[in-house]
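Each remark here refers to the structure printed beneath this line.
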Amino acid sequence: MRFVLMLILAVASSALDAQEVATVDALLSEGRAHLMVARRTEAIVSFQAVLKRDKSNRQALFGLGTTYIELEQFEKGLDVLEPLLKQGDQDPLVLNNVAWALIRVQASQRRDPQRARSLAQRAVMQLSNEHSVWGTLTEAYYENREFDRAVSSARIALDLARRVRGIDLAGYRKLLARCEIAARAIDIVEE
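Under this note's numbering, think of the first position of the sequence shown as 63, with each following residue one higher.
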């Protein structure tokens, strides 16, 4: 009798766990869907709901950090994503998003263009066919006053973006132009 009761409790517990897993999966899908169509507030709610159930859920942490970065809340994004790096996460998108935030954050104690360059380089090495990763590397080179490298990486970013249907190329063209102007200007100043 005692064994049967323990078995029933174990089955009930695993059924609850399976139900909770299904809920977490649904919330993650919902959060990603909201993020894809720029419903960022709704995405935050979904990702936070996952984290209430599973505080170390990597997908929810990545989604939440990315959403904060898209909202230009760079410090919050770093607060969420940097622990993933400290735990050894080497996902190129995590590297890229932390690099972007380190370039854009306004708080001087958090801003770190040199570390951003290192992270962006690592991201590009893993995800070399992704235009946005090259765009982040371009910005990191620019912030570190490595304008020739910025021009080269901006050209690659633009070329890769041209291959993707529906991408607005204006931002990549402006980035390349800004880098080319800076490279020419530094050449004139240093001569």
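Here a beta-carbon is modelled for each residue, glycine too, at the ideal position from N, C-alpha and C.
Asked	Found
Is there contact here, the segment 133 to 146 with the segment 162 to 172, by at least three beta-carbon pairs under 8 angstroms?	yes
Three Cβ pairs or more, each shorter than 8 angstroms: is that satisfied between the segment 128 to 140 and the segment 98 to 105?	yes
With DSSP as the reference, label Val-186 as helix, strand or coil.	helix
When the distance is taken between beta carbons, is Ala-219 closer than 7 angstroms to Trp-196?	yes
Let's see if you can read the secondary structure: which residues bound the alpha helix (DSSP H) around Ala-223?	209 to 224
Can you tell me where the alpha helix (DSSP H) holding Ala-80 begins and where it ends?	64 to 98
Assign Ala-185 to one of two classes, buried (16 or more other C-beta atoms within 10 Å of its C-beta) or exposed (fewer than that).	buried
Starting from Glu-205, trace the alpha helix (DSSP H) in both directions and tell me its first and last residue.	193 to 205
Which value, in whole angstroms, describes the spacing of the CA atoms of Ser-152 and Glu-205?	A small fix is needed here, since residue 152 is Gln in this sequence, not Ser. Cα-Cα distance, rounded: 23 angstroms.
Tell me the residue span of the alpha helix (DSSP H) that contains Leu-147.	136 to 148
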